[in-house]
Structures are given as structure tokens and as C-alpha cells.
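Chemist:
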Amino acid sequence: MGRYVLRRLLQLIPVFIGTTFIIYALVWAVPGDPFAGKCGERSCPPSYVAEMTARYHLDEPLIVQYFKYLGQLFTGNFGETYAGVQIGDLIANAYPTTVRLAVVALLIEGVIGVAAGILTGLRGKGFLDSLVLISTLFLISLPVFVTGFVLKVWLGTELGLIKTSVGSDPSIGELLVPGFVLGSLSMAYVARLTRTSLMENKRADYVRTATAKGLKQNRVVGVHLLRNSLIPVVTFLGTDLGALMGGAIVTEGVFNIRGIGGLVYKAILTKEGMTVTGIVTLLVLVYLLMNLLVDVLYAVLDPRIRYD
Amino acid sequence: MTEPTASSPTTEDTQAPPAPEQAAPAGSYSAGTSARPAEAEKPRGLWGDAWHDLVRRPMFLVASVIILVLLAMVAFPQLFTSVDPNHADLLKSREGPSAEAWFGYDLQGRDIFSRTVHGARASVIVGLLATLGTVLIGSVVGILSGYYGGWVDNLLSRFSEIFLGLPFVLGAIVILTTFNSPQEIPSGTRVIMQVVTSIAVLSWPIAMRIMRSAAIAAKQQDYVKAARALGATPRRIILRHMLPNCLAPVLVYATIALGGFIGAEATLSYLGLGLKFPVVSWGVMISDSREFIQASPHLLLFPAGFLVVTVLAFVMLGDAVRDALDPKQK
Amino acid sequence: MRKRRLAACLAVPLAVSLLATGCGGGDSGPPADTVTVEWGEPENPLVPGNTTEANGSNVMDALFAGLVKYSPDDASVHNEMAESITPSPDHRLYTIKIKPGWTFHDGTPVTAESFVKAWNYTAYGPNGQQGGSFFEQVKGYDELNPEEPGAVPRTKELSGLKVVDPTTFTVELKTPLTIFPTMLGYGPFYPLPERFFADPKGFEQHPIGNGPFKFESRTPNESLTVSRYDAFRGPDKPKVPKVQFKVYDELDTAYEDLVSGNLDFIRQVPVSALAGGIWHTDLGRGAQEKPGLLTQNIAFPLYDKRFQNPDLRKAISMAIDRPTITRQIFAGSRTPADGWVAPSVDGYVPNQCGEYCTYNPRKAKELLAKAGGFQGTLQIISNGDGGHAEWSEAVASSIRQTLGIDVRFTPTPTFSEFRRQANAREFSGMFRTGWIADYPSIESFLTQLYRTGASSNDYEYSNPAFDAALDRANAAPSIPEANRRYAEAEKILAQDMPVIPLWSQPVQAGLSERLADAKATPFRKLDLTSVTLKPQHP
Chain A
1 MGRYVLRRLL QLIPVFIGTT FIIYALVWAV PGDPFAGKCG ERSCPPSYVA
51 EMTARYHLDE PLIVQYFKYL GQLFTGNFGE TYAGVQIGDL IANAYPTTVR
101 LAVVALLIEG VIGVAAGILT GLRGKGFLDS LVLISTLFLI SLPVFVTGFV
151 LKVWLGTELG LIKTSVGSDP SIGELLVPGF VLGSLSMAYV ARLTRTSLME
201 NKRADYVRTA TAKGLKQNRV VGVHLLRNSL IPVVTFLGTD LGALMGGAIV
251 TEGVFNIRGI GGLVYKAILT KEGMTVTGIV TLLVLVYLLM NLLVDVLYAV
301 LDPRIRYD
Chain B
309 MTEPTASSPT TEDTQAPPAP EQAAPAGSYS AGTSARPAEA EKPRGLWGDA
359 WHDLVRRPMF LVASVIILVL LAMVAFPQLF TSVDPNHADL LKSREGPSAE
409 AWFGYDLQGR DIFSRTVHGA RASVIVGLLA TLGTVLIGSV VGILSGYYGG
459 WVDNLLSRFS EIFLGLPFVL GAIVILTTFN SPQEIPSGTR VIMQVVTSIA
509 VLSWPIAMRI MRSAAIAAKQ QDYVKAARAL GATPRRIILR HMLPNCLAPV
559 LVYATIALGG FIGAEATLSY LGLGLKFPVV SWGVMISDSR EFIQASPHLL
609 LFPAGFLVVT VLAFVMLGDA VRDALDPKQK
Chain C
639 MRKRRLAACL AVPLAVSLLA TGCGGGDSGP PADTVTVEWG EPENPLVPGN
689 TTEANGSNVM DALFAGLVKY SPDDASVHNE MAESITPSPD HRLYTIKIKP
739 GWTFHDGTPV TAESFVKAWN YTAYGPNGQQ GGSFFEQVKG YDELNPEEPG
789 AVPRTKELSG LKVVDPTTFT VELKTPLTIF PTMLGYGPFY PLPERFFADP
839 KGFEQHPIGN GPFKFESRTP NESLTVSRYD AFRGPDKPKV PKVQFKVYDE
889 LDTAYEDLVS GNLDFIRQVP VSALAGGIWH TDLGRGAQEK PGLLTQNIAF
939 PLYDKRFQNP DLRKAISMAI DRPTITRQIF AGSRTPADGW VAPSVDGYVP
989 NQCGEYCTYN PRKAKELLAK AGGFQGTLQI ISNGDGGHAE WSEAVASSIR
1039 QTLGIDVRFT PTPTFSEFRR QANAREFSGM FRTGWIADYP SIESFLTQLY
1089 RTGASSNDYE YSNPAFDAAL DRANAAPSIP EANRRYAEAE KILAQDMPVI
1139 PLWSQPVQAG LSERLADAKA TPFRKLDLTS VTLKPQHP
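Residue numbers (our numbering), protein chains in the order written: chain A, 1 to 308; chain B, 309 to 638; chain C, 639 to 1176.
Put into C-alpha cells, the structure is as follows:
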């Protein structure tokens, strides 16, 4: 197992380099000239364009640009945006907010999803089952900006229960509703997954044995059934954290959360290659580490799985 | 990513071999799975059984009816409406439902009912094709990765992680913009294929991880070891033994992904990418309604309603099929 | 068991580190003495000579005071730092005297040299300042901006600028320009302290100006705070202790914040609140509207053979039902254009466009037939990320249904791609153009847009008669006479129709209940000196 982990950590490096290069190249490939749109509705003076192009090495071939950027990156310098702002500062401000939001979303989707799944999985098909099924489906099929907008207007403007946007450096409380919105799609999946898993394992022999042995129902469910059924759920939640961090663009827009989702989106549109690559690099790192953790966890929880 | 069926730690001997063609006569198997007594003289096999089971489930029937109606809308929109979905009469802008326009008019003065009917085509096609693409690519890569293990698994997993790390928006923008030269106007079909491609290219790793986990767990099962001991080729093992068992979690994912992909198309429209005039889709309609959710809710309600019902139907169908296929659910 | 322990060893530190970065935080919003204003992240460093877009401009206008100021009510021009601006009889040489005793926020005095050095820096090509082209008219500009790429100018100073004494300097222009004093309130003309020239890069992190507010702090992509400068010498004194500019990516979110009391001022009202007049119900007295200096047009790529017949262009213009579109798409919050300049600008003459800007299906079809029809698809091109989709589609429908030609709205994915195609003269159809006047003069809507070879003449319009009319107006003996002559030049555009005027936009702003007053200028910026808080209850 230890050797496996080590091997995986080493393999991180080529994946990391591969991904960052692809991202850098993708931003470079987005059509447009980053300085064409800087001066409002007029074209920028040629001297301005020339100066900026030279300063950011944009006239050199892609490979050269990429390696210069990589070199900078390894000294911890994330570079600066075309507006002269230090990208490192931008990331340091936005990242903790996004992490907080993602963790809140994960907890909400985990708790509500698993609870709903347990309720319906144990009881089997019935009214509650259909109810949960339909409400999870609503959450899946409605686009995030609709759910977000509706909740924001209803809870915020009409009922005044929440603030309609979160401030800078938001607290966990302020992030509850945005977290719910962000995690709504995954919550549906978690609920269904838990339900399916429970329904299968309910008929398993060891459950029958445990009940036959005279164990209390609570113990049968809590100790034996749940532990086995939740394995796939836990592994899903593990990988979802990475996805949540990278994908919160719309939610951040609706609630004005100053996180990396909006930062990446704007940077893509204005072709700020260094900003996009810098942020996505960190995201990729987190994602890869979480994947590794999940794979290890999976092997630990399910003794039948071997990696050698 | 998830492995719902394979993780149950039942003792393998009590589990009925899920690949009936292999060993015992199919008759004994079908007697175990279907509740019908020896009415079935001719052995039906797994798929025959599943079908027999399915047509008796109300959920399946309801879902099938909805989907058939939907497919009719996709293929023959003229059956449902004769109004041109792109004819705009600005004077009727945002009028509510009335006798002549059942769903009212949108901001440009176009008939919403007509647009919803015509929009089914783009939305359903995008959803179906994207799901198909994702599941096909993901399953193939995942099952190979899970079965062979070793360096094949490593290579394929790392490769998939590269795609997982890419932000969806970035990939979508590049695919949707670089392959269209600025001068020409891309045709509707071309844009649809590009939207499908960008969704599939960026989502297949998820299907791959699900399939891979299921395959890894299935590989450890005794029946696979038995098959290998009997000398079955990898192809036979994968296709005949592992695949039917690994299908269930992917099916769960696929039916939910379908809804998610139709929604992803809506998000792409919201961000200004994706489908454009004259192609109409529910995603386009929903994102167009964004500014008027409070002032004219009917702009949102009808396409969103159709979207929800469609997703519901597909998921119900998926549930029913999975239940019918999975012997453990009986 | 070993596996479990190993997993725990991995999981716990990872989880803890993730949570540690995530935990904490939580502030309760800005204090009661801070006024919060909706804003967007500036696209350029915070240097006045390098700032020509709205967000950076808003901050620059708070931190700096120029020679003249534009009144927030009607954009009329008043002297601010200037004591007098005296033209020579031929309006080519200006003697500018500034008021003594003004200081920058770091205490250093503002002198004539502060202006001249700043202007030289901005006009010097290799400094790459966006506002450089505003000094085109000044003698010596060409030497500072050589044509050949890579050539280094031999001097760093404009020969037309001379410091006479600490409070006087002269400006010599290449050709007469009577309305020159009107331009002097715009950003690139602000003075700069010595601190800037010593360390331009450091200045970007902490700008120092001579205006009513001074820079406090900034969190990039989040907010920027300014505080009252008590030693400000101008007539309009700052009235609130602090103002915080908050970055919003979505205008709707900012509006919701305003309505729920989370935000104090918004510079534009989103379409979702305009529909049905919702914003008046929500804001009551806080809903503010005044005529603006913003126009929206559609231009023809005159470098494309298909669009070179003026009858075709006029036909298309007459096929657009402006009143219905503004009523239905904008809830009536746009005014159909009847000319190429905004109605509230100094020098506006009504109905310059005449019948060509009036919806007339019959006449439009006649003109189209006269021009020989239009083959193929007519594109209307705009940037997809700017909120122009709705009206572009409406305009496309209007033309399509009136003239029967295939019209399509084709968005480009990003604004920068849109501008790139504009600069490269690559448009294959009609394209959106919009303009906000830089200074309150009819000339601001004409020269930069329609003169041969002008910086924003993306459509390659060239008419020597029009240029000559502009020259005549530039050299007029007085500003009213200049305005009259500019209006005559505008009439020429009606015959050529290089650009179809669509509508002008009022400035609609929103105030929260905390504010007693706050004025948006006709340039759609907030005049910070007009902001007053209602008395707070102790």
C-alpha cells in the first residue's frame, strides 16, 4: 500500500505538467486579442498594445511562453494580470472563500443526501420514496442559476431571512444557502446512491443473520448495514469536493461570492492566461490529491480490493 | 467514482451467478428471478426476463409513454403546432397565456408553445447524444482500466485525471469557438454536435471512474476467477460476465447525467456559448427568461416544466430498467 | 488494521488542512460611516493616463481633480483647479493658470509642472498609456509616437507644452480647436505628483491624487476603499467619511443587494428591474433617472462591397421599428435616436436624421429595391457577453419581417474577440457600436467616430466634405458657433448613413434608504462629492 501511494504521488508530476500545459494552450487558443478590448468601445493606441505585448511576452511562441511561466511558477511567483494586480494576491483572497463554500456544500449534500437515502432505502417504495425522488429530480433538472435566483429572491428579498449577497470573507452561516444551491445536483445523486445501496444490502445474508441473532434493529442498521452501504457514497463525496471547488461559477455569480469560479471565468474571457493557469493548477493539485485519498480510502474500507 | 452494486459484501456462494448463459440451464435461473411459476416453458434469458418484468411496472409504462410523446415531438413537431417558432411579433412581447397562444409569448413576441415543442428536438438530442458519448467512452475506458489493472490502469486513470482537471467552461469555450471561423455562420447541426462533443469530452472521466470501480470490484468476484480458470478469453469475461454487473451503477449515473446534460446546455446558453438562433432549445429559452423571472414567470415556467418532466421520465425509465436487470432487487 | 491507520494518517492532515484554509472568516459588513457603491474590477492599473474604462474612471474621478469639472446634473463645464484658460485669437495656443495652494494627498503642492509632466508621460508612446491618444492634437505628439514599430522617440516631452511659472503653463495645438477647454476634465488630463514619477509601479498600488477623496485600501477583485480628504480645496467638498467600491460580476445581484439594504448605490438598473417599472416600486425616492450621454448604434463595414450603396443602408435604417423595440425590450427606458449625438449633449440639434431614422416599411422596401436588394444573410454582430442579445434579436426580427431578407444575430463569444475583429476590419455584417461621450461636447460624438482615419472609425467611413466641415467647426470663433458648425457636419451623415443611430440611453441609478443624496453623472459615473448620508440615529 505504501509503495502504491508513493507511485501515485510520483505520477502526479507528469499529470500536473500535462494539465497545466493543456490549460495554458487552451487559453492561448481562445480567439481574441487580450488588449483589443481594454479601452472600452475604442481601439487602443498602438503604443499601448506594443508595450503590453512585449511586457507579457505575447509575441513569442507558445512553448517559450509556457516555460517562462513555469519557471516563474516554481519560484512561487504567479505573475500579474494585465491590470497590474498580483495573481498570487488574487488567489490568496479567493481560494479560502471557495474552499469554505465547497466544504459547506459537501457537508449539506452529504448530510441531507444520506439522510434522504437512508429514509427511503429502509422503507422501500412508497409515498415518501416518490416524494424524495421527485424533489431530487427537480433539483437535478433545474439549472443552478434558476434554483439560486429563486432561493435568493424568496429567502432574501421577500422573507429577509438571508442577505442577498455574501460579503467578502463570508462566514459559514452566510454560505449555507449558496452551499445548498451548489450541492443540489450532487445531493440528488447521493440520495439515490444511498437508497440503491441500502436496498441491495438490506437483503444480504449478513443482515439476515444479524437480525436472526437477535440484535436490535438500530444496531443492525447503524453498525452493519450502513457501514457497508455508505462505502460508495463516501468515495463519491471525496471526489466531489474537487468538482465543487472548480465548478461554482454560476453560484458565485448569483450570490456575489468572490471565489475562484468567477475569477477563472472572467480571466478566460479576457484571455488572462497566467491567471487561469495559476488557479487551475491549484485546483488540479487538490483534485489529484483527493482522488488519491479516495482510492486509498476505498481500498481500506473494502477489504476485497487490492491494488497490487 | 461510485460502485453501488459491487460493494455488497455478501458471501459469493449464495449469490446466483448473474450471467445465465454460462452455466446452469437458463430455466432454473428464470424460475428464481421471476415470480411466475412454470408458466414460462421456453427459457427467456436475462434480457427476456427483464422485459417481461418491465412491462408490468407502472413506472416503466408511464415513463415510456412520456418519452414516446417526447420523441414524437422531436421527430414531428408539426403534429403539435403549426406556428413558426421564430416568428416574432414585438407588439405581443411577454404576453401571458391566452386562447390563441397557450403558453403566451416571449420577450421577442414569439409563441412559447411552438418554441417549447420545437425546442424538444435540440434539448433531447443534446441530452441523449451527450449521455451516449459519455457513457460509451467512459465505460470502454473504465472497464479496460479495471480489468487489466497495472500500467494500463495507471495510464488510463492519469489520462482521465487530466480531463477532470479542466474547467468545464474553458473547454467548452475553446471547443465552441475555435472550430468555427468568425465569418461563417455555423449551421444548427454543427453547433449541436459541438455542444455534444464539449459535454462528452469533459464528462467521460466520471463515467470512467464509476465503471472502473465496479470493474475492480467485479474482478475480485469468484465467478470471474472461475471463468478465467475455465480458460475464457478476456473479451468473453469482460463482455459476458463483468459488463452486465457493472452496468447498473453506470445506468444510475447515465439517467441522472441526462438531466444534468440538458441542464448543462442551458448553462452554456446562459454563459453565451452553445446553441443560437435559429436553433431553439429549452436551455436557450430558460436562459432567455433569466431577466424576467419576476416580471413574467411564464417565460421560465413552461420550458422548465418540460425539462423537469423529461428528466423525470428518463430517470424513472432508468430506475425501472435497472431494477429489472438487477437480480438482487427481486 | 495497518491500512486503516495509514488511511487515517493520510486523511486527517489533508482534511484538517483543507478545513483550516476554509474556516474562520465572517465579517458583519462595512461600518455605518462607509457608503458602499456597486463597481466592477478595473481593467487597467490605477493611473489616470492609463484609465479610459468606466470602473477605473470612477475611482480616478474620486481621487483626482482636473482643470475643469463636469456638473453631475447636466455635464456643464466649470473651472475646478483652473483659474483661467485663455485661448489665443486663433484658438491654437492656450494659456492655463491654475489656482495656488492645492496639494496632493501626500502634502506636496500641485503646480503647473505636475500637469505638464503628467501629460508628457501619458503622451510618450513607449509608456504604453491608454489615454495617450487624447494628446493627438498637441504639437509634438507625432515625435513621441513614431510610426515605425520599435522606433524609440528622440524626446520625451511634447514640444507644445511649456511651463511658464509654478501656476501657469501653455498648450500649443497643431490646429485650432475651440472646444479644447471642454476636454480638460477627462481622466488623462489629471495632474500627477512627484511620487508617481519616482516609482510608477508602486503608485499603482497606492495612487495619490489631488481630489476630494484619498486612497485607503484595496482588495483586488473585491473592493476598494477611499476616505475623505479634508484639505481638499475644490468648491464641492466631500461629505461622507468613507466610500467603498464593491466588485459585482452580475448587475442583478447588485440590485438585489440594494433593495435589501446591503448596498447603497448602483450606477445602472438591470433589465429585470426595469420591466414593468419594478424598480420604482422597489426603490421609491431612491430611483433616479436623468438624460445620459450614451448612444447605441449599428454600423456598416464600409470596406465590404455589399454595403457600399447608401440606399441599402437607409433602407435598413427605415426598417427598424425603434419605438416598439425600446418600449418592449427596454420597458421604455431608451429614447429612439433622431441623430448621431445624445440629445442632452451641448450642441444637440433635434431631428438631424429626419425620415431615415423613422420606421417606414413602404419606403424601406422601395429603397431596398432601388439598391438592388440584398443577397444572402445579413448578420448583426455583437459581443455575447455584454447583454446585447435581446435588442439585437429584436432589431434583426424587425429588419427581417419588414424587408424579407434573412437577418441573423451572430454573437462573438467575448468582447475582446469582438474588438479584435473590429480593429482588423474583419466584420462580415453589421455590427454594434456604442459610445459614451468623454467630455460634454457634440464634437465628442463626431470626430473620433466619423473622421477619416479616426481612432474609433472602425467602419472605414471617409468623406472629405465631412472632414472639412469638422475643420471649420474646430476653428470657430466661439463655442456656440463651433457647436452650430458641428451640427452642420452631422447633417452630412444623414446623407451617407455610415452608421444607423438606434437610441440613446438615460442614466438610471438607485439609492438606498441610508442616503440623503447621491448623483450619477450623465457619463454614468457616481459623483462622490454629491453623496450625503441621512443623519444616523445615535
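In this text, a Cβ means the ideal position worked out from N, Cα and C, and glycines have one as well. Owing to the predicted nature of the structure, the values given are computational and were not obtained by experimental measurement.
1) Grab me the residues of His729 of chain C's own chain with a C-beta within less than 6 Å of its C-beta, minus the 5 sequence neighbours each way, in chain order.
2) Between Gln1059 of chain C and Glu993 of chain C, what straight-line distance do the alpha-carbon atoms span, to the nearest angstrom?
3) Only counting the same chain, and skipping five residues up and downstream in sequence, which positions put a Cβ closer than 8 Å to that of Ile108 of chain A?
4) Can you confirm whether the segment 202–220 of chain A touches the segment 536–547 of chain B when touching is taken to mean that 3 or more C-beta pairs between the two stretches lie within less than 8 Å?
5) Find the nearest neighbour of Lys1172 of chain C within the set C:Gln966, C:Val754, C:Asn696, C:Leu1153, judged by alpha-carbon distance.
6) Which of the three DSSP states is assigned to Lys928 of chain C in this structure?
7) Please identify, using Cβ separations under 7 Å, the residues of the segment 768–802 of chain C that lie next to chain A, in order along the chain.
8) With DSSP as the reference, please indicate the residues paired to Tyr708 of chain C in a beta bridge.
9) Pull out every residue of the segment 391–421 of chain B whose Cβ sits closer than 7 Å to any Cβ of chain C, in chain order.
10) Which runs of the alpha helix (DSSP H), 4 residues or longer, sit entirely within the segment 998–1074 of chain C?
11) So who's on the other strand from Thr933 of chain C, going by DSSP bridges?
12) Would you mind reading off the limits of the beta strand (DSSP E) that contains Ala1154 of chain C?
13) Tell me which residue opens and which closes the alpha helix (DSSP H) that Lys68 of chain A is part of.
14) Do Ile481 of chain B and Ile87 of chain A have their beta-carbon atoms positioned less than 8 Å apart in this structure?
15) Taking only runs of the alpha helix (DSSP H) that begin and end inside the segment 355–398 of chain B, which ones reach a length of at least 4 residues, in chain order?
16) Helix, strand or coil: which one does DSSP assign to Glu795 of chain C?
17) Looking only at DSSP bridge pairs, what is Ile734 of chain C linked to?
18) Please list, in chain order, the chain A residues whose beta carbon lies closer than 7 Å to that of Ala612 of chain B.
19) When DSSP builds the beta bridges, which residues end up paired with Thr98 of chain A?
20) What is the C-beta distance between Leu931 of chain C and Pro1078 of chain C, in whole angstroms, given that I count them as a contact (C-beta under 8 Å)?
21) Leaving aside the five residues before and after Ala94 of chain A along the sequence, list all residues of the same chain whose C-beta is less than 7 Å from its C-beta, in chain order.
22) Under DSSP, the beta strand (DSSP E) around Asp1165 of chain C begins and ends at which residues?
23) Would you say Arg630 of chain B and Val560 of chain B are within 8 Å of each other, going by their C-beta atoms?
24) Using DSSP with H/G/I as helix, E/B as strand and the rest coil, what is Ile904 of chain C?
25) Identify the residues that DSSP records as bridge partners of Asp419 of chain B: which are they?
26) Could you tell me the distance, in whole angstroms, from the CA atom of Glu1126 of chain C to the CA atom of Leu1087 of chain C?
27) For the beta strand (DSSP E) containing Val673 of chain C, list its first residue and its last residue.
28) What does DSSP give as the partner residue(s) for Phe467 of chain B in the beta ladder?
29) For Val1045 of chain C, which residues from the same chain have a beta carbon less than 6 Å from its beta carbon, with the 5 sequence-adjacent residues on both sides left out?
30) Determine the chain C residues that contact Leu581 of chain B at a beta-carbon separation under 7 Å, and present them in chain order.
31) Evaluate contact between the segment 116–128 of chain A and the segment 280–295 of chain A, counting only Cβ atoms and requiring at least three cross-stretch pairs below 8 Å.
32) Taking Cβ positions, are Trp740 of chain C and Asn848 of chain C nearer each other than 8 Å?
33) May I ask you to list the residues that DSSP assigns as paired with Phe742 of chain C?
34) Using a Cβ-Cβ cut-off of less than 9 Å, give me the residues of the segment 197–227 of chain A that come near chain C, in sequence order.
35) According to a CB-to-CB cut-off of less than 8 Å, which residues of the segment 462–483 of chain B neighbour chain C?
36) Distance cutoff 8 Å, beta carbons only. Does Gln502 of chain B sit that close to anything in chain C?
Modeler: Quick look at the numbers:
1) For this step, residue 729 of chain C is matched to residue 91 along the third sequence. The residues are Pro814, Thr816.
2) As a first step, residue 1059 of chain C is located in the third sequence; it is residue number 421 there, counting from the start. As a first step, residue 993 of chain C is located in the third sequence; it is residue number 355 there, counting from the start. The straight-line gap from Cα to Cα measures roughly 32 Å.
3) Within the first sequence, numbered from 1, the residue matching residue 108 of chain A stands at position 108. Answer for Ile108 of chain A: Leu176, Gly179, Phe180, Gly183, Met187, listed in chain order.
4) no
5) Position 534 of the third sequence holds residue 1172 of chain C. Nearest C-alpha to Lys1172 of chain C: C:Leu1153.
6) To locate residue 928 of chain C, count along the third sequence from 1; it is residue 290. Here Lys928 of chain C sits in strand by DSSP.
7) Gln768, Gly770, Ser771, Asn783, Pro787
8) In the third sequence, residue 708 of chain C corresponds to position 70, counting from 1. Answer by DSSP bridge pairing, in chain order: C:Val715.
9) Ala396, Leu398, Leu399, Ser401, Leu415, Gln416
10) 999–1008, 1027–1041, 1053–1061
11) Along the third sequence, one-based indexing puts residue 933 of chain C at 295. According to DSSP, which records beta bridges pairwise, Thr933 of chain C is partnered with C:Trp1073, C:Ser1142.
12) Locating residue 1154 of chain C in the third sequence gives position 516, counting from the first residue. Start and end: 1153–1158.
13) Along the first sequence, one-based indexing puts residue 68 of chain A at 68. From DSSP, the alpha helix (DSSP H) with Lys68 of chain A extends over 62–74.
14) Indexing the first sequence from 1 puts residue 87 of chain A at position 87. Indexing the second sequence from 1 puts residue 481 of chain B at position 173. No, Cβ-Cβ distance for Ile87 of chain A and Ile481 of chain B is not below 8 Å.
15) 366–383
16) Here the question's residue 795 of chain C lines up with position 157 in the third sequence. Note: Glu795 of chain C maps to coil in three-state DSSP.
17) To locate residue 734 of chain C, count along the third sequence from 1; it is residue 96. In the DSSP output, where bridge partners are listed per residue, Ile734 of chain C has C:Ile723, C:Phe807.
18) Within the second sequence, numbered from 1, the residue matching residue 612 of chain B stands at position 304. Residues of chain A passing the Cβ test: Leu142, Val146.
19) Here the question's residue 98 of chain A lines up with position 98 in the first sequence. DSSP lists no partner for Thr98 of chain A.
20) Position 293 of the third sequence, counted from the start, is the residue given in the question as residue 931 of chain C. Position 440 of the third sequence, counted from the start, is the residue given in the question as residue 1078 of chain C. Contact holds; Cβ gap of about 7 Å.
21) As a working mapping, residue 94 of chain A is identified with position 94 in the first sequence. For Ala94 of chain A, where only same-chain residues beyond five positions count, the Cβ hits under 7 Å are Arg258, Gly259, Ile260, Leu263.
22) Along the third sequence, read from residue 1 onward, the residue named residue 1165 of chain C stands at position 527. Element bounds for Asp1165 of chain C: 1164–1171.
23) Counting from one through the second sequence, the residue named residue 630 of chain B turns up at place 322. Counting from one through the second sequence, the residue named residue 560 of chain B turns up at place 252. Going by C-beta atoms, Arg630 of chain B is nearer than 8 Å to Val560 of chain B.
24) For the purposes of this step, residue 904 of chain C is taken as residue 266 along the third sequence, with counting starting at 1. Note: Ile904 of chain C maps to strand in three-state DSSP.
25) Counting from one through the second sequence, the residue named residue 419 of chain B turns up at place 111. Answer is B:Tyr413, bridged to Asp419 of chain B.
26) The residue given as residue 1126 of chain C occupies position 488 in the third sequence. The residue given as residue 1087 of chain C occupies position 449 in the third sequence. Taking the straight line joining both Cα atoms gives about 16 Å.
27) Taking the third sequence and counting its residues from 1, the one referred to as residue 673 of chain C is at position 35. Per DSSP, Val673 of chain C belongs to the beta strand (DSSP E) from 672–677.
28) In the second sequence, residue 467 of chain B corresponds to position 159, counting from 1. Note: Phe467 of chain B sits in no beta bridge, so no partner.
29) Your numbering for residue 1045 of chain C matches position 407 in the third sequence. Counting only Cβ-Cβ distances below 6 Å, and skipping sequence neighbours, we find Leu1016, Ala1034, Ile1037, Arg1038.
30) Translated into the one-based positions of the second sequence, residue 581 of chain B becomes position 273. Under the 7 Å cutoff, chain C gives Pro1051.
31) no
32) As a working note, residue 740 of chain C is residue 102 in the third sequence. As a working note, residue 848 of chain C is residue 210 in the third sequence. Their beta carbons are under 8 Å apart, which means Trp740 of chain C touches Asn848 of chain C by this criterion.
33) As a working note, residue 742 of chain C is residue 104 in the third sequence. Looking at the DSSP assignment, Phe742 of chain C forms no beta bridge with any residue, so it has no partner.
34) none
35) Ile481
36) Within the second sequence, the letter at position 194 stands for residue 502 of chain B. Chain C contact via Cβ: absent.
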